[in-house]
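Chemist:
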Ligand code: GLN
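Numbering (this note's numbering), first residue to last: 21 to 553.
1. Roughly how many whole angstroms lie between the Cα atoms of residue 323 and residue 338?
2. With distances taken between CB atoms, is the gap from residue 42 to residue 120 smaller than 9 angstroms?
3. Could you round the C-beta distance between residue 467 and residue 516 to whole angstroms and report it? I think they count as a contact, below 8 angstroms.
4. Which of the three DSSP states, helix, strand or coil, is assigned to residue 93?
5. I need the DSSP call for residue 142, collapsed to helix, strand or coil.
6. Quick check: what's the CA-CA separation for residue 6 versus residue 46?
7. Near residue 484, what residues of its chain come up, given a Cβ to Cβ distance below 6 angstroms and the 5 sequence neighbours on each side ignored?
8. Have a look at residue 130 and residue 44 and give me their C-alpha separation to the nearest angstrom.
9. Quick one, which of 217, 344 and 93 has its alpha-carbon nearest residue 5's?
10. Okay, do the region 169-180 and the region 70-84 touch, 3+ Cβ pairs below 8 angstroms being the bar?
11. Pull up the CB-CB distance for residue 543 and residue 342, whole angstroms please, since I reckon it's below 8 angstroms.
12. For residue 112, which of helix, strand or coil comes out of DSSP?
13. Please indicate yes or no: does the CB of residue 405 lie closer than 8 angstroms to some heavy atom of the ligand GLN?
14. Using DSSP with H/G/I as helix, E/B as strand and the rest coil, what is residue 472?
15. Measuring CA to CA, which of 164, 478, 310 and 351 is closest to residue 53?
16. CB of residue 458 to nearest heavy atom of the ligand GLN: below 8 angstroms?
17. Identify which residue in 114, 142, 116 and 117 has its Cα closest to the Cα of residue 127.
18. What are the boundary residues of the alpha helix (DSSP H) that residue 503 is part of?
19. Counting pairs of Cβ atoms below 8 angstroms between the region 457-471 and the region 498-514, do you hit three or more?
20. Does DSSP put residue 400 in a helix, a strand or coil?
21. What is the rounded straight-line gap between the Cα of residue 308 and the Cα of residue 270?
22. Quick one: Cα of residue 113 to Cα of residue 472, how far?
23. Residue 48 and residue 272 look like a contact to me (Cβ under 8 angstroms); what is the Cβ gap, rounded to whole Å?
24. Given 8 angstroms as the limit, tell me if residue 482 has its C-beta closer than that to any heavy atom belonging to the ligand GLN.
25. Check whether the region 490-503 and the region 407-426 are in contact - that is, three or more C-beta pairs closer than 8 angstroms.
26. If you pair each beta-carbon of the region 148-159 with each one of the region 285-299, do three or more pairs fall below 8 angstroms?
27. Find out if the Cβ-Cβ distance for the pair residue 203, residue 238 is shorter than 9 angstroms.
28. Ignore the nearest five residues each way along the sequence and tell me which others in residue 171's own chain have a CB closer than 6 angstroms to its CB.
29. Starting from the C-beta of residue 451, find all residues in its chain whose C-beta is less than 8 angstroms away, skip the five residues before and the five after it, and write them out in chain order.
30. How many angstroms separate the CA atom of residue 313 from the CA atom of residue 264?
31. Is residue 333 close to the ligand COA? I mean its beta-carbon at under 8 angstroms from any heavy atom of the ligand.
32. Does the region 521-528 come close enough to the region 86-101 to have 3 or more Cβ pairs within less than 8 angstroms?
33. Give me the Cα-Cα distance between residue 547 and residue 350, rounded to the nearest whole angstrom.
34. For a test of the three-state rule: what should DSSP assign to residue 28, helix, strand or coil?
35. Is any beta-carbon of chain B found at less than 9 angstroms from that of residue 38?
36. Verify the contact flag: residue 455, CB atom, against every heavy atom of the ligand GLN, threshold strictly below 8 angstroms.
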């Protein structure tokens, strides 16, 4: 479907932009609005537009940007897509992530291919048209399509996106577009007051681009007086009731509730023409589960390389939390530095988890964690690199002293993990990993098959290296068995330890399919194993 043609009568669009500063919860706000609309019976789709010039998030430094989330069709995306999937319980695709770099490279390729018939190719209208088309494509088939624009309005690189969403209303009708601006009101300690000025300036700037928002979400660190909303509304040209206050919540899954309670309900009712109350039972239950205190406390040691940014392992942490709520245990995460951790630290936790990762730094610490877990009956969950280090650990225990992955030791004689066919030479290039959904067949009677409850499963992937089957007998001698392979039996997808309370590892990334109210079986298995010990 093309922008401006028959775009469907009922289709509605919600644009979520940010002002003042980024990182105040625009993604969670967008996802929460989607959750409220779903709870009113709407079919919701969602998309993140990121103005930076990368083609995808695959090569971004996770320390700076947080985790790289992977969709079922292999898009390497911003972590906000993880929030969207967890909040809306939908599986997103390549269409849900739109970056300037991707659109521009296509535009330039089209120009080279002579597709513009002599026209001057410009940011407006060519890039803005491409943005609008990407929005229409991503929203196709839903009742309400939510579009979050990354960064803050006024950023130099984001201007084409702001112009595109302004212009969009001209084609689909202003009544079919709802503009939500998320701003921040700081609290000044000395005078003990919230300040509305930065928000006013942000709204002024947005209006300068031709957008008067229908709704302003004011983020504050603590509950703020209603007068602040009135002031922002009056000076910002936003109608009464359109400004809602959103103080920090105790847990993110409370936000659909707080945002609904903040008074956004009537704005959404009017926009979609449905005043039915949303059924927010699921969110109430989740908020309750998160805040309950449980007698049983478990400490999971996360053997990690990036210790200063929780976002780097966001989906893994969310998957652990979901499993803990489901199993009614209080979860404590111990961050173990992969470069420094020792047996003493490993012995101080109830379970070890080695998440995905790239590069040699800290890898020996991860192998040590897997070795410790194998030898001391400590529950272990290995994810992607976490499976590769488990295989290395077992191969070494099984007699191959120098066993390694060629990712970390290119010259190792015992390359128990090696580069896949067709991957050599592509290291550190973008979009070339084994990405997205792949099926696996689980071994009958294995712990892994028991956990999943079925033998044929699908999980998302993001890796370049594979287990080398040539050394399987040594890996087995070290205590691991292969519990799942690709359907053709070629690639090792799961391993587990024999005679061990819980040692399960996978080449895939199960954390991406965990949901807050439907924990992933491998994470549930870990919690149960800790409970049983
Ligand atoms: N670095 C490993 C590989 O490329 C593991 C990747 C990961 O953990 N996501 O195969």
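C-beta atoms are modelled at their ideal positions from N, C-alpha and C, and glycine is treated no differently.
Modeler: In this structure, then:
1. As a position in the chain shown, residue 323 is number 303, starting the count at 1. As a position in the chain shown, residue 338 is number 318, starting the count at 1. Taking the straight line joining both Cα atoms gives about 16 angstroms.
2. As a first step, residue 42 must be located in the chain shown, where it is residue number 22. As a first step, residue 120 must be located in the chain shown, where it is residue number 100. Not closer than 9 angstroms, so no.
3. By 1-based counting over the chain shown, the position of residue 467 is 447. By 1-based counting over the chain shown, the position of residue 516 is 496. Indeed, because the Cβ distance is near 5 angstroms, the residues count as touching under 8 angstroms.
4. Your numbering for residue 93 matches position 73 in the chain shown. Of the three classes helix, strand and coil, the one that applies to residue 93 here is coil, per DSSP.
5. Position 122 of the chain shown, counted from the first residue, corresponds to residue 142. Reduced to three states, the DSSP call for residue 142 is coil.
6. Lying outside 21 to 553, the shown extent of the chain, residue 6 is not represented and no answer is given.
7. Here residue 484 refers to the residue found at position 464 of the chain shown. These residues qualify, in order along the chain: 443 and 453.
8. The count along the chain shown starts at 1 and reaches residue 130 at position 110. The count along the chain shown starts at 1 and reaches residue 44 at position 24. Going by the C-alpha atoms only, they are around 37 angstroms apart.
9. Examination of residue 5 is not possible in this model, given that the chain is present from 21 through 553 alone.
10. yes
11. Position 523 of the chain shown, counted from the first residue, corresponds to residue 543. Position 322 of the chain shown, counted from the first residue, corresponds to residue 342. Confirmed, about 7 angstroms.
12. If you number the chain shown from 1, residue 112 lands on position 92. Coil at residue 112, not helix or strand.
13. Position 385 of the chain shown holds residue 405. Residue 405: yes, Cβ under 8 angstroms from the ligand GLN.
14. For the purposes of this step, residue 472 is taken as residue 452 along the chain shown, with counting starting at 1. Three-state DSSP puts residue 472 in a helix.
15. Taking the first residue of the chain shown as position 1, residue 53 is located at position 33. Of the candidates 164, 478, 310 and 351, the one whose C-alpha sits nearest the C-alpha of residue 53 is 164.
16. As a position in the chain shown, residue 458 is number 438, starting the count at 1. No.
17. Looking up residue 127 in the chain shown gives position 107. The residue with the shortest Cα to Cα distance from residue 127 is 142.
18. One-based indexing of the chain shown puts residue 503 at position 483. Segment 500-505 is the beta strand (DSSP E) holding residue 503; no alpha helix (DSSP H) there.
19. yes
20. As a working note, residue 400 is residue 380 in the chain shown. The answer is strand: DSSP assigns residue 400 an E or B state.
21. For the purposes of this step, residue 308 is taken as residue 288 along the chain shown, with counting starting at 1. For the purposes of this step, residue 270 is taken as residue 250 along the chain shown, with counting starting at 1. Rounded to the nearest angstrom, the two C-alpha atoms are 11 angstroms apart.
22. The residue you call residue 113 lines up with position 93 of the chain shown. The residue you call residue 472 lines up with position 452 of the chain shown. About 24 angstroms.
23. Reading the chain shown from its first residue, position 28 is the one you call residue 48. Reading the chain shown from its first residue, position 252 is the one you call residue 272. That belief holds up - the Cβ atoms of residue 48 and residue 272 are roughly 6 angstroms apart, short of 8 angstroms.
24. One-based indexing of the chain shown puts residue 482 at position 462. Yes, the beta carbon of residue 482 sits closer than 8 angstroms to at least one heavy atom of the ligand GLN.
25. yes
26. no
27. Indexing the chain shown from 1 puts residue 203 at position 183. Indexing the chain shown from 1 puts residue 238 at position 218. Taking 9 angstroms as the Cβ cut-off, residue 203 and residue 238 qualify as a contacting pair.
28. For the purposes of this step, residue 171 is identified with residue 151 of the chain shown, where counting begins at 1. 42, 71 and 178, listed in sequence order.
29. Numbered from its first residue, the chain shown carries residue 451 at position 431. Correct list, in chain order: 75, 76, 78 and 96.
30. Start at 1 with the first residue of the chain shown, and residue 313 comes out as number 293. Start at 1 with the first residue of the chain shown, and residue 264 comes out as number 244. C-alpha separation (whole angstroms): 31 angstroms.
31. Absence of the ligand COA is noted for the structure shown, with the ligand GLN being the only ligands found.
32. no
33. Taking the chain shown and counting its residues from 1, one reaches residue 547 at position 527. Taking the chain shown and counting its residues from 1, one reaches residue 350 at position 330. Going by the C-alpha atoms only, they are around 10 angstroms apart.
34. Position 8 of the chain shown, counted from the start, is the residue given in the question as residue 28. Because residue 28 carries a pLDDT of 49, less than 50, the predicted location of this residue cannot be relied on, and no value is offered for it.
35. Among the chains in the structure shown there is no chain B, since it carries only a single protein chain.
36. For the purposes of this step, residue 455 is identified with residue 435 of the chain shown, where counting begins at 1. No, since every heavy atom of the ligand GLN falls outside the 8 angstroms radius drawn around the Cβ of residue 455.
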